[in-house]
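In terms of full-length UniProt numbering, the sequence shown opens at residue 1 and continues consecutively. Note that beta-carbon positions come from the ideal geometry of N, C-alpha and C, so glycine has one too. Structure, as structure tokens:
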Amino acid sequence: MTVAEALRAAAARLATTSDTARLDAELLMAHALGVSRSDMLLRHPADSVPEAFAPLIMRRAAHEPIAHIIGHQEFYGREFIVTPDVLIPRADSESVVEAALAAAPRAQRVLDLGTGSGALMLTLLAEMPMTTGVGVERSGKARVVAQNNAASLGLAGRAEIRAGDWTARGWADDLGTFDLVIANPPYVETGADLAPDVRDFEPAEALFAGAEGLDDYRIIAPQLPGLLTDQGIAVLEIGASQGDAVTKIAEDQGFATQIVKDLAGRDRAVVLRH
Ligand code: GLN
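What follows is the structure, encoded as structure tokens:
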């Protein structure tokens with residue numbers, strides 16, 4: 001069987017598991033061949049299929065995310081190392097990056113709450129070459145991933161990855177203030193019925209936030225005045241149905257707000273200004 005034939009068969013095999021079956025098959029084949037996807041499609045369609053390919057397809061057919069199988073995920077045009085200890089960077093969150101770049105293009109100091117893989121903060125640092133950032137993360141394993149991403153993107157000199165837990169008293173005492181605070185906190189309703197790819201493979205502590213999915217906004221919002229400079233701006237990712245609720249939580253702290261939509265037209269972020 002050639003690579004081209006195996007890709008067709010694998011895409012058919014994955015059609016019931018994945019909305020992106022053909023892309024998944026291509027990413028796994030490229031991984032098995034040890035080449036980039038574009039290289040594989042352009043140069044290797046007639047090669048023979050590596051033995052490693054079929055087991056990778058079986059893993060994906062059992063709902064394991066592509067990012068876990070191949071160990072990385074593209075976000076805003078850059079590759080991020082991903083392990084099961086961090087939320088997989090999602091295309092939806094690119095709207096948070098866009099919103100932050102638009103709202104605070106001259107930010108000198110950025111704080112990312114719950115930095116995970118570092119995708120949000122490191123993307124902003126890469127896009128804003130004079131900016132430094134602090135990524136706070138409670139999970140030690142996630143901090144290793146963020147640190148590795150900072151290093152692989154050449155951003156370690158401008159990115160500080162720090163232990164911290166915003167539910168703990170005094171956690172931010174020596175952080176200082178920031179021109180831009182970003183966060184993709186957990187916002188899924190605890191007990192919500194998630195797709196198996198997410199539910200069985202991604203970290204629950206990055207996803208679930210109480211009965212309404214609002215617990216972390218309620219904890220974070222009152223702390224923002226102390227974390228922001230006078231002109232500082234915060235951009236919080238939200239779930240598609242949380243625009244009104246998070247707006248209210250932010251307004252209760254005296255912020256003016258603006259809702260940002262993602263490419264699918266769903267509410268995806270709230271921008272907070274003094
Ligand atoms: N958007 C993610 C999902 O639906 C949730 C991310 C989060 O809770 N921060 O899987």
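Pick out every residue whose C-beta is nearer than 5 Å to a heavy atom of ligand 1: which are they, in chain order? Environment of ligand 1, chain-ordered: N184, P186, Y187, V188, V198, L207, taking every residue with Cβ within less than 5 Å of a heavy atom.
Nearest-angstrom Cα separation, counted from V181 out to A234: So the two alpha carbons sit approximately 5 Å from each other.
Below 8 Å between beta carbons: does that hold for D216 and R109? No, the Cβ-Cβ distance between D216 and R109 is not below 8 Å.
Is it buried or exposed for T167, if we count other Cβ within 10 angstroms and need 16 for buried? By the neighbour-count rule (16 or more Cβ atoms within 10 Å), T167 is not buried but exposed.
On the CB-based measure, 16 or more other CB atoms within 10 Å of its CB, does R106 come out buried or exposed? With fewer than 16 other Cβ atoms within 10 Å, it is exposed.
Within the same chain, show all residues whose beta-carbon is closer than 6 Å to that of F240, passing over the 5 residues directly before and after it, in chain order. Looking at the sequence itself, residue 240 is Ala, so the reference to Phe does not match. Cβ neighbours of A240 beyond the five flanking positions: R266, D267.
The beta strand (DSSP E) enclosing A183, as first and last residue numbers: It spans 178-183 - the beta strand (DSSP E) in which A183 sits, taken as one unbroken run.
Give every residue of the same chain whose Cβ lies closer than 7 Å to the Cβ of T257, excluding the five residues on either side of it in the sequence, and list them in chain order. Annotation for T257: T247, A250, E251, V270, V271, L272 place their beta carbon closer than 7 Å to its own, counting only its chain and skipping 5 residues before and after.
If we call anything under 8 Å between Cβ atoms a contact, is I81 one with N184? Taking C-beta atoms as the reference points, I81 and N184 fail to come closer than 8 Å.
Terminal residues of the continuous beta strand (DSSP E) containing T132? Boundaries of the beta strand (DSSP E) harbouring T132: 132-137, taken from the DSSP string.
I need the straight-line Cα distance from R162 to A146, nearest angstrom please. So the two alpha carbons sit approximately 10 Å from each other.
Go through its chain and collect everything with a Cβ distance to P196's Cβ below 8 Å, but skip five positions before and after it. Contacts found: H63.
Do the CB positions of L124 and V97 come within less than 8 Å of each other? Using a Cβ distance threshold of 8 Å, L124 and V97 count as a contacting pair.
Let me know the secondary structure DSSP gives V3 once reduced to three states. Helix, per DSSP.
Assuming the contact rule is C-beta atoms closer than 8 Å, V86 and P225 should be a hit. Round their C-beta distance to whole Å, please. In this structure V86 does not touch P225 by the C-beta definition: roughly 29 Å separates them, more than the 8 Å allowed.
Measure the C-alpha to C-alpha separation of G176 and V134 and round it to an integer number of angstroms. In a straight line, the C-alpha of G176 is about 10 Å away from that of V134.
For a test of the three-state rule: what should DSSP assign to L243, helix, strand or coil? Residue identity check: residue 243 is Gly in the sequence provided, not Leu. DSSP places G243 in helix when its eight states are reduced to three.
State buried or exposed for R73, treating a residue as buried only when at least 16 other CB atoms are found within 10 Å of its CB. For the sequence presented, residue 73 should be read as Gln rather than Arg. Around the Cβ of Q73, a 10 Å sphere holds 16 or more other Cβ atoms; the residue is buried.
Three-state secondary structure (DSSP) at L194? In the structure shown, L194 sits in coil (DSSP, three-state: anything other than H, G, I, E or B).
By alpha-carbon positions, which one of V144, L263, E137, R43 ends up nearest to E205? When only C-alpha atoms are compared, the closest one is E137.
Applying the 10 Å Cβ sphere with the 16-neighbour rule, what's the burial state of D244? Exposed, by the Cβ-count rule.
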